[in-house]
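*Asks:* One structure, pasted below without further comment.
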Amino acid sequence: KEYKWVVFSRRKKNYLGMLPDGQIDIKGLTGKKRNTPDYIKELFKGVVGVLSSASDIAAFEKSVEDVRALLKNSINDLRRGRVPLNLLAFRVALTKPLSSYTKTTPQHVKAARHLLQHLKKLGIEHSIEVGDVISFVKTSDKVGVKPIELARIDEVDHEKYIDILRTTLEQVLEALDISFEELLEKYSIDYFTQ
């Protein structure tokens with residue numbers, strides 16, 4: 003293949019580059035898992051969008067700085083509770099009846115059961131069936147999840163989302179020679195002034 007620019011991570015078959023037609027070619031880099039919250043998917047797209055504006059090596063080097071700034075701001079927004087719950091929601095379809103989960107309880111099942119208990123307390127009869135999509139957020143309480151219908155932004159475990167962001171972007175960042183630890187500097191000037 004021919005590229006205007008290309009960067010490689012330290013892993014085999016992991017790279018991204020710009021094709022002559024301006025399209026970004028991404029190989030082996032994560033970021034598009036089906037159940038990933040929209041906020042993180044959009045950040046991944048945002049990173050790709052920033053990089054796709056670079057038509058040559060000099061512009062690419064500038065775009066790496068723009069990616070760094072985008073991600074620092076996004077992490078600060080997460081930490082401050084500025085990201086709406088609907089963008090943080092995981093959406094997972096129920097593949098078997100709730101009653102069949104006896105040994106282990108996946109997070110979406112915990113959230114579904116919590117929702118049903120809440121509705122029952124309110125005197126509302128409701129059922130959750132196979133195929134229904136459960137939307138939940140990760141919380142900092144001992145249960146660790148809450149259905150989005152019952153969650154508040156102050157209950158969200160922002161550090162868990164930052165870990166998911168790290169996992170989603172680390173291969174791309176590695177290829178760009180950006181340290182995720184550098185992005186996590188809690189006490190940057192930006193953190194206090196925004």
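According to the working numbering, the sequence shown holds residues 3 to 196 in order. Positions of the beta carbon are idealized from the N, C-alpha and C atoms, including for glycine. It should be emphasised that the depicted structure is a prediction, and the values quoted were computed from it without experimental measurement.
(1) Determine the extent of the beta strand (DSSP E) in which residue 136 is found, giving its start and end residues.
(2) Tell me the rounded alpha-carbon separation between residue 157 and residue 148.
(3) Going by the beta-carbon positions, is the gap between residue 58 and residue 6 smaller than 8 Å?
(4) Work out the CA separation of residue 122 and residue 92 for me, nearest whole Å.
(5) So the candidates are 95, 42 and 102; which of them puts its Cα closest to the Cα of residue 162?
(6) Cα-Cα, which of 79, 98, 109 and 152 is closest to residue 124?
(7) May I ask you to list the residues that DSSP assigns as paired with residue 19?
*Replies:* Quick answer:
(1) Numbered from 1 along the sequence shown, position 134 holds the residue referred to as residue 136. That run of the beta strand (DSSP E) goes 135-140.
(2) For the purposes of this step, residue 157 is taken as residue 155 along the sequence shown, with counting starting at 1. For the purposes of this step, residue 148 is taken as residue 146 along the sequence shown, with counting starting at 1. So the two alpha carbons sit approximately 9 Å from each other.
(3) Here the question's residue 58 lines up with position 56 in the sequence shown. Here the question's residue 6 lines up with position 4 in the sequence shown. Contact flag set, yes.
(4) In the sequence shown, counting from the first residue as 1, residue 92 sits at position 90. In the sequence shown, counting from the first residue as 1, residue 122 sits at position 120. Approximately 23 Å, taken between the alpha carbons.
(5) For the purposes of this step, residue 162 is identified with residue 160 of the sequence shown, where counting begins at 1. Of 95, 42 and 102, the residue nearest in Cα terms is 42.
(6) Reading the sequence shown from its first residue, position 122 is the one you call residue 124. Of 79, 98, 109 and 152, the residue nearest in Cα terms is 152.
(7) Locating residue 19 in the sequence shown gives position 17, counting from the first residue. Partner(s): 8 and 27.
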